[in-house]
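Encoded as structure tokens, the structure appears first; notes follow it.
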Amino acid sequence: MLELRLVQGGLLKKVLESIKDLVNDANFDCSATGFSLQAMDSSQVAVVALLLRPEGFERYWCDRNISMGMNLNNMAKMLKCAGNDDIITLKAEDGSDTVTFMFESPTQDKIADFEMKLMDINSERLGFPEADYHAIVRMPSSEFARICKDLSSIGNTVVISVTKEGVRFSTRGDIGTANVVCRQNTAVDKPEEATIIEMNEPVSLTFGLRYMNSLTKATPLSNTVTLSLSSGLPAVVEYRIAEMGYIRFYLAPKIEE
Amino acid sequence: TQKQSTITSFFTKR
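Line by line, the protein sequences give chains P and S.
Residues in the first sequence are numbered from 5 upward in steps of one, following our numbering.
Residues in the second sequence are numbered from 5 upward in steps of one, following our numbering.
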């Protein structure tokens with residue numbers, strides 16, 4: 005059986021809001037490593053990988069590895085019924101085809117349980133080798149989201165280039181072009197406001213803005229975002245979930261035909 | 005011209 009009690013229930017709500025538009029159905033895996041998910045979008049352009057480590061839960065009990073197939077839209081509907089400050093507990097009996105979400109208000113004066121049907125999902129997991137990236141950019145997540153949103157009103161694709169100058173986001177469309185350059189900036193009041201650029205080699209990659217904008221739905225999960233880029237390889241866009249784990253998106257680039 | 009690549013062309017299934 006499985007019982008996971010998450011005091012910061014709002015976090016699970018945010019996780020679902022950040023992936024439900026990208027992925028329809030996914031297996032949530034529960035093991036000693038943590039509560040995790042790996043799923044691809046229907047066009048096979050993006051993969052989301054989530055890890056919430058056991059230490060982040062007030063109670064993390066799963067006596068064997070369990071994989072639970074869930075429709076993410078349905079799961080999001082259920083989690084929307086939880087308050088942002090609620091404690092959320094996931095429960096599943098061995099061999100059951102349902103999962104129960106229990107929502108407790110912080111003052112314990114309201115307790116709700118929602119039972120959701122599980123589904124069988126055949127999903128193959130991808131192996132992501134450790135890579136040495138040409139460039140790694142860490143910046144405020146809200147700034148990155150703002151840039152992706154702004155550029156998508158001009159064009160459909162974004163070219164992300166890292167040079168000595170900084171990181172450049174460019175687009176081109178029928179009405180014109182747009183370029184946003186962010187330079188390294190560590191002279192900030194709070195560390196999460198810094199832009200840090202580690203460059204081993206200059207790199208330039210093109211991505212669909214529709215996908216980039218979809219990934220930025222994870223912005224409420226973290227003040228910062230990390231972009232790991234290598235020529236000709238998918239980008240890794242990572243939002244760290246404080247003291248618990250991460251949500252990572254692997255996004256395939258556009259390539260020359 | 006550019007075309008959209010897929011994730012499965014970069015990473016192998018385990």
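Don't be surprised by glycine CBs; every beta carbon is placed ideally from N, CA and C.
Remember, it's a predicted structure, so these values are computed and weren't measured experimentally.
In the structure shown, the three-state DSSP call for Thr37 (chain P) is coil. Residue pairing by DSSP puts Asp29 (chain P) in a beta bridge opposite P:Asn75. Short of 7 Å from the beta carbon of Pro206 (chain P), and not among the five residues preceding or following it, lie these beta carbons of its own chain, in chain order: Val166 and Thr167. By the criterion of at least three beta-carbon pairs nearer than 8 Å, the stretch 138-152 of chain P is in contact with the stretch 191-200 of chain P. Val11 (chain P) sits in coil when the DSSP states are folded into three classes, being neither helix nor strand. Distance from the CA atom of Ile11 (chain S) to the CA atom of Leu225 (chain P), rounded to whole angstroms, is 24 Å. Take the alpha-carbon of Ala191 (chain P) and the one of Ser145 (chain P): they are about 17 Å apart.
Taking a cut-off of 8 Å on C-beta distances, the stretch 209-216 of chain P does not touch the stretch 117-127 of chain P, as fewer than three cross pairs fall below it.
Between Gly177 (chain P) and Ile151 (chain P), the C-beta gap is not smaller than 8 Å, which leaves the two residues out of contact. The beta carbon of Glu108 (chain P) sits closer than 7 Å to those of Asp90, Ile91 and Ile115, all from its chain and outside the five residues before and after it, given in chain order. Taking 8 Å as the cut-off, the beta carbon of Pro238 (chain P) is found no closer than this to the beta carbon of Tyr250 (chain P). In the three-state reduction of the DSSP assignment, Thr16 (chain S) falls in the coil class, being assigned neither a helical nor a strand state. Around the CB of Ala135 (chain P), fewer than 16 other CB atoms lie within 10 Å, so the residue is classed as exposed. Within the same chain, Asn31, Phe32, Asp33 and Cys34 come within 8 Å of Ser71 (chain P) by CB-CB distance, once the 5 residues on both sides are set aside.
Taking the Cα positions, Val241 (chain P) is about 27 Å away from Leu8 (chain P). With its beta carbon less than 8 Å from one in chain S, Ala256 (chain P) belongs to the interface.
Excluding the 5 residues flanking it on each side, Ala182 (chain P) has same chain C-beta neighbours closer than 6 Å at Leu155, Ile158 and Thr175, in chain order.
Inclusion of Met216 (chain P) and Ala96 (chain P) in the CB contact set at 8 Å is not warranted, their separation being larger than that value. Counting every other CB atom within 10 Å of its CB across the protein chains shown gives Ala36 (chain P) a total below 16, marking it as exposed. Membership of Met123 (chain P) in any alpha helix (DSSP H) is not indicated, and neither H nor E is assigned to it by DSSP. Closest in alpha carbon position to Phe105 (chain P), among P:Lys18, P:Val27, P:Gly13 and P:Pro257, is P:Gly13. Residues of the stretch 100-126 of chain P with a C-beta less than 9 Å from any C-beta of chain S: none at all. For Met216 (chain P), there are no neighbours in chain S by C-beta distance under 8 Å, as the nearest C-beta there is about 13 Å away. When CB distances to chain S are screened at a threshold of 8 Å, the residues of the stretch 47-66 of chain P falling below it are Ser47, Gln48, Val49, Ala50 and Val51, in chain order.
Thr93 (chain P) sits buried, since 16 or more C-beta atoms from the chains shown fall within 10 Å of its C-beta.
Chain S has no Cβ within less than 8 Å of the Cβ of Ile251 (chain P). Judged by their CB atoms, Gly131 (chain P) and Thr16 (chain S) are nearer to each other than the 8 Å cut-off.
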